[in-house]
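Here's the structure, in C-alpha cells; my notes come after.
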C-alpha cells in the first residue's frame, strides 16, 4: 500500500516537474527518463536474472540507428525504406529490432556466466562503433545520420534549424503548446512510466519468479523445472528491447546518431548506474538514471584542473559528449572529473554494496519497523 | 607464391610476433590476476598506460636515460600493483562478481582521468630503445624494434616462468592461486601472495606499455585496443593458463596480420583495418561459445 502511494506521488511529481524548471533543465531530465528506460531493461537482465551485461549501450545503438534509418528514409540512402516515419512510431520498431538482437545474443550467451558474460558483452559494446562504421551504406559510416530539421522529427518544423538553440521551438499537440524540450521530457517519461508498468507486470508473475530463480541458483531452478534457456534468453530479449526504445528516444532527442553516440562508456555507465542506484528497486533505478545523467557533470563542477563549460554545451546531447570525452577521448576534458567519478564509484562499492536504494530501504525499514513492531 | 609475396608474408609474421608479444605480456597479466584473485581486471590497460607515462616523464622531464627509467618504472609499477590490491581489491574480493567488476571499472576511470589530469591528453613521443635500423634477412625486411620487442617480451616471460618454477616465492604464489585454504595451512601468507600477483601483473603491463608506446604513440587511450586484443588472447589460450596467454597472444598478433596480408586477395577483401578490433572480439565470442576454457584451460565443473 505504501509502495503504491509512493509510486502515485512519484508519477504526479514527474508530470508536474516541467512546470517548475527551466526549459533547459527539462531537456536534461528528459535524458534521465531515457536512461531510466534503459536501466529498467538492464535491471530485468542483471537484477532479476543475474546476468551481467556490459553491452547495453550496443542495444541502445541498435535502437537508435533503427529509429534514425527509419526516419531518414529514402533521402539519405536510396535504401529500401521509402519515405520517413514519424519519430514516435519508430520506437516500437526500434525496440523490436533491438529485442531480436537481444534474443539472438541470449541464445549463445546461455553458456556464459558471471565474468565471462561480462567480457562477452563488453566485447560487443566495444565492437559496435567499429561495426557501425564498417557498414556505412546502411548506417552512414563515420558521419552517421542527421535528423535535424526533418519534418518527421516532432517539433522540428516550427523552428530554428542547425545549431541555433537560442530560441526554443514550440509547437502544438492536442491544443497544448509544448516547447521541444518539454515534449521530449514528456515523451521520455511517459514511455518510462509505461515501461515501468510493463516491467512490473512481467516481474510479479511467473516470469519474474522464474527470473529470480535463475539468478539465485541455476541448479535449483533447473531442478524445479524452470527452463534456463527460455528464461535467460527471454531476459536478454526483453532487456534489449527496452534499451532499443531508449536508444531510439536518444536519437530523437539528439537529432542525430553516429558511431560515437553510443560508446563503450555508455554501456559501462549503465551498469554502473544500476549497481550504484541499487538493483531491483524502482527507487534505485531512478537514482541510477540520475547518476548516469548527472554525475559526470557534477564531478566536472569540482574545481580540479581547468573547467571548460563550453565543452558541455557544444554537443547536441548534454551527457554523452562528456562521458565519451573523459573516458576515451581525453583531449578536451581535464581529467579531474574522471578521477572523482572513479573514486566515488569505488567508495560506493565499499560502503553501499546494495546501492543507494539499499540504503533507502534500510532507512525505511528502520523507520517503519519501529512503528509496526510489537513490544513484548 | 611469388618471392615478393613470401617476403611480405614473412614480414607480416614477424611484426605479428612482435605485437603478439605485447599482447602476450598483457594477457599474462590478466591470467595471473584471474588465477589468483578470480577477478578480470578491466583496468589492466590503464595501469599499463600509467606506468608508461611514468617512464616517459622520467625520460622527457627528468633527463633519465632509457634503461634506468625502464627499471625504475618496473619497480614503481610492481609496488603500485601491490598497493592497488591491498587498498582497493581486497575489501571486495569476496563479494559479488558485479561489485568487483564495478570496482575495476572505477579504477579504469580514475586512472585514465589521472593521466589526463597530470599530463594532458595530448599524444606524446616515447622513443624505443632499439633504434630505427632495419635488417635484411634473406630478403625479408625486419626492424630492430620488432626484434627487440620479441626478445624483451619473451625474456620477461621466461624470467617470470623461472620465478614460478624455481623459487620459493613462486611456489607460494602458485599454491595461493591453486588452493588458498590449503596454502594457508602450510604457512603461506595468502593475501600477500595475491598482492604479489597483482604487483607482477602491473609489472608485465608496464613492459607491455613501454613496448607499445614507440610505435603507437603515447596517449591516455593507448592501451585500449591492446587490452581488447589481450582479452582475446587470454580467452583463446585459456583464462587460467599462463602458457595459453603467451601462445594466445602470439597467435592473435600473427592472425590479425595474416588477415591484413590476405585482404589483398579477393576472398578476404572484406577485411579492412577497421575490422581488426571487431575480429578480435569475434574471436573472444567464438571461443567463449565453442570452448570457453580456451586451448589450454581446464573446463569449469560445477559441483551440485
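Protein chains in written order, with our numbering: chain A, 1 to 376; chain B, 1 to 304. Every residue gets a Cβ at the ideal spot worked out from N, C-alpha and C, and that includes glycine.
> Are the C-beta of residue 102 of chain B and some C-beta of chain A separated by less than 8 Å?
Replying inline: Within the second chain, numbered from 1, the residue matching residue 102 of chain B stands at position 102. Against chain A, the CB of residue 102 of chain B has a partner CB under 8 Å away; the residue lies at that interface.
> Taking just the CA atoms, how far does residue 346 of chain A sit from residue 51 of chain B?
Replying inline: On the second chain, position 51 is the one that residue 51 of chain B refers to. On the first chain, position 346 is the one that residue 346 of chain A refers to. Approximately 21 Å, taken between the alpha carbons.
>> To the nearest angstrom, how far is the alpha carbon of residue 60 of chain B from that of residue 19 of chain B?
In response: Locating residue 60 of chain B in the second chain gives position 60, counting from the first residue. Locating residue 19 of chain B in the second chain gives position 19, counting from the first residue. Those two C-alpha atoms are separated by around 25 Å.
>> Between B:167, B:2, B:44 and B:69, which has its C-alpha nearest residue 57 of chain B's C-alpha?
In response: Looking up residue 57 of chain B in the second chain gives position 57. Ranking B:167, B:2, B:44 and B:69 by Cα distance to residue 57 of chain B puts B:69 first.
>> Three or more C-beta pairs under 8 Å: does that hold for the region 134-153 of chain B against the region 208-224 of chain B?
In response: Yes: the two stretches touch, three or more of their Cβ pairs being nearer than 8 Å.
>> Restricting to Cα atoms, I'd like to know which of B:164, B:6, B:24 and B:109 is closest to residue 250 of chain B.
In response: Here residue 250 of chain B is taken as the residue at index 250 of the second chain, counted from 1. When C-alpha distances from residue 250 of chain B are compared across B:164, B:6, B:24 and B:109, the shortest belongs to B:24.
>> Strictly below 8 Å CB to CB, what residues from chain A border residue 99 of chain B?
In response: Walking along the second chain from the start, residue 99 of chain B turns up at place 99. The answer, in chain order, is 275, 349 and 353.
>> Check this for me: beta carbons of residue 33 of chain B and residue 192 of chain B, under 8 Å apart or not?
In response: Within the second chain, the letter at position 33 stands for residue 33 of chain B. Within the second chain, the letter at position 192 stands for residue 192 of chain B. In this structure, the beta-carbon distance from residue 33 of chain B to residue 192 of chain B does not fall below 8 Å.
> In whole angstroms, what separates the C-alpha of residue 243 of chain A from that of residue 260 of chain B?
Replying inline: Walking along the first chain from the start, residue 243 of chain A turns up at place 243. Walking along the second chain from the start, residue 260 of chain B turns up at place 260. Residue 243 of chain A and residue 260 of chain B: Cα-Cα distance of roughly 35 Å.
> Do residue 147 of chain A and residue 251 of chain A come within 8 Å of each other at the CB atom, strictly closer than that value?
Replying inline: On the first chain, residue 251 of chain A is found 251 positions in, with the first residue counted as 1. On the first chain, residue 147 of chain A is found 147 positions in, with the first residue counted as 1. Yes.
> Which residue's Cα is closest to the Cα of residue 40 of chain A: A:284, A:257 and A:260?
Replying inline: Here the question's residue 40 of chain A lines up with position 40 in the first chain. Comparing Cα positions, the closest option is A:284.
> Can the beta-carbon of residue 67 of chain A be found less than 8 Å from the beta-carbon of residue 38 of chain A?
Replying inline: Residue numbering aside, residue 67 of chain A sits at position 67 when the first chain is read from its first letter. Residue numbering aside, residue 38 of chain A sits at position 38 when the first chain is read from its first letter. Not a contact, by the Cβ cut-off of 8 Å.
> Looking at the structure shown, is residue 136 of chain B part of a helix, part of a strand, or coil, going by DSSP?
Replying inline: The residue given as residue 136 of chain B occupies position 136 in the second chain. Assignment of residue 136 of chain B by DSSP, reduced to helix, strand and coil, places it in the strand class.
> For a contact meaning CB atoms closer than 7 Å, what does residue 123 of chain A contact in chain B?
Replying inline: Counted from its first residue, the first chain places residue 123 of chain A at position 123. Result: 281, 284 and 285.
> By how many angstroms is the C-alpha of residue 11 of chain A removed from the C-alpha of residue 195 of chain A?
Replying inline: Reading the first chain from its first residue, position 195 is the one you call residue 195 of chain A. Reading the first chain from its first residue, position 11 is the one you call residue 11 of chain A. Here the alpha carbons of residue 11 of chain A and residue 195 of chain A stand approximately 13 Å from one another.
> With distances taken between CB atoms, is the gap from residue 227 of chain B to residue 283 of chain B smaller than 8 Å?
Replying inline: Against the second chain, residue 227 of chain B aligns to sequence position 227. Against the second chain, residue 283 of chain B aligns to sequence position 283. Note that the C-beta distance between residue 227 of chain B and residue 283 of chain B is not below 8 Å.
>> Taking its Cβ as the centre, do 16 or more other Cβ atoms sit within 10 Å of residue 323 of chain A, making it buried, or is it exposed?
In response: Position 323 of the first chain, counting from 1, holds the residue named residue 323 of chain A. With a pLDDT of only 46 at residue 323 of chain A, under the threshold of 50, the placement of this residue in the model should not be trusted, and no figure is reported.
> Based on the DSSP secondary-structure assignment, which residues constitute the bridge partners of residue 118 of chain B?
Replying inline: Looking up residue 118 of chain B in the second chain gives position 118. When beta bridges are read from the DSSP output, residue 118 of chain B appears opposite no residue.
>> Quick check on the DSSP output: the alpha helix (DSSP H) that includes residue 337 of chain A runs from which residue to which?
In response: Taking the first residue of the first chain as position 1, residue 337 of chain A is located at position 337. 336-351 is the extent of the alpha helix (DSSP H) around residue 337 of chain A.
>> Check this for me: beta carbons of residue 105 of chain B and residue 39 of chain B, under 8 Å apart or not?
In response: By one-based count along the second chain, residue 105 of chain B stands at place 105. By one-based count along the second chain, residue 39 of chain B stands at place 39. Between residue 105 of chain B and residue 39 of chain B, the CB-CB gap reaches or exceeds 8 Å.
> Helix, strand or coil: which one does DSSP assign to residue 218 of chain B?
Replying inline: Here residue 218 of chain B refers to the residue found at position 218 when the second chain is read from its first residue. Three-state result, residue 218 of chain B: strand.
> For residue 134 of chain B, which residues from the same chain have a beta carbon less than 6 Å from its beta carbon, with the 5 sequence-adjacent residues on both sides left out?
Replying inline: Along the second chain, read from residue 1 onward, the residue named residue 134 of chain B stands at position 134. Spatial neighbours of residue 134 of chain B in its own chain (CB-CB distance under 6 Å, excluding positions within 5 residues in sequence) are listed in chain order as 141 and 143.
> Helix or strand or just coil, what does DSSP make of residue 141 of chain B?
Replying inline: Here residue 141 of chain B corresponds to residue number 141 of the second chain, with the count starting at 1. When secondary structure is reduced to three states using DSSP, residue 141 of chain B falls in the strand class.
> Apart from the five residues just before and just after residue 32 of chain A, which ones in its own chain have a Cβ nearer than 7 Å to its Cβ?
Replying inline: By one-based count along the first chain, residue 32 of chain A stands at place 32. 289, 290 and 293.
>> Between residue 276 of chain B and residue 256 of chain B, how many whole angstroms is the CB-CB distance? I'm expecting something under 8 Å.
In response: Within the second chain, numbered from 1, the residue matching residue 276 of chain B stands at position 276. Within the second chain, numbered from 1, the residue matching residue 256 of chain B stands at position 256. Between residue 276 of chain B and residue 256 of chain B the beta-carbon gap is near 5 Å, inside 8 Å, which marks them as a contact.
> Can you list the residues of chain A that residue 274 of chain B reaches, using a CB-CB cut of under 8 Å?
Replying inline: Looking up residue 274 of chain B in the second chain gives position 274. Taking a Cβ-Cβ threshold of 8 Å, the residues of chain A close to residue 274 of chain B are 130, 133 and 134, in chain order.
> Are the CB atoms of residue 63 of chain A and residue 248 of chain A nearer to each other than 8 Å?
Replying inline: For the purposes of this step, residue 63 of chain A is identified with residue 63 of the first chain, where counting begins at 1. For the purposes of this step, residue 248 of chain A is identified with residue 248 of the first chain, where counting begins at 1. At a Cβ-Cβ threshold of 8 Å, residue 63 of chain A and residue 248 of chain A count as neighbours.
> Is residue 89 of chain B helix, strand or coil by DSSP?
Replying inline: Locating residue 89 of chain B in the second chain gives position 89, where the first residue counts as 1. Of the three classes helix, strand and coil, the one that applies to residue 89 of chain B here is helix, per DSSP.
> Using the beta-carbon of each residue, which ones in chain B are nearer than 9 Å to residue 259 of chain A?
Replying inline: As a position in the first chain, residue 259 of chain A is number 259, starting the count at 1. The contacting residues do not exist; residue 259 of chain A stays about 10 Å from chain B at best.
>> Does the distance between the C-beta of residue 200 of chain B and the nearest non-hydrogen atom of the ligand PLP fall short of 7 Å?
In response: The ligand content of the structure shown is nil, which means the ligand PLP is not present either.
> Applying a beta-carbon distance threshold of less than 7 Å, which residues of chain B neighbour residue 44 of chain A?
Replying inline: As a position in the first chain, residue 44 of chain A is number 44, starting the count at 1. Taking a Cβ-Cβ cut-off of 7 Å, residue 44 of chain A has no neighbours in chain B, whose nearest Cβ is about 15 Å from it.
>> Let me see if you follow: with CB-CB separation under 8 Å, is residue 213 of chain A close to chain B or not?
In response: The residue given as residue 213 of chain A occupies position 213 in the first chain. It does not; no Cβ of chain B falls within 8 Å.
>> Measuring only the C-alpha atoms, how far is residue 91 of chain B from residue 44 of chain B?
In response: Indexing the second chain from 1 puts residue 91 of chain B at position 91. Indexing the second chain from 1 puts residue 44 of chain B at position 44. If you take the alpha carbons of residue 91 of chain B and residue 44 of chain B, they lie about 19 Å apart.
> What in chain B is Cβ-close to residue 119 of chain A, meaning under 8 Å?
Replying inline: Along the first chain, one-based indexing puts residue 119 of chain A at 119. Residues of chain B passing the Cβ test: 40, 231, 235, 284 and 288.
> In chain order, what residues of the same chain have a beta carbon less than 8 Å from the beta carbon of residue 113 of chain B, not counting five sequence neighbours either side?
Replying inline: Position 113 of the second chain holds residue 113 of chain B. Shown here for residue 113 of chain B: not one same chain residue has a beta carbon closer than 8 Å to its own, the five before and five after excluded.
> Leaving out the 5 sequence neighbours to the left and right, which residues in its chain are closer than 7 Å to residue 287 of chain B when beta-carbon positions are compared?
Replying inline: To locate residue 287 of chain B, count along the second chain from 1; it is residue 287. 235, 236 and 294, listed in sequence order.
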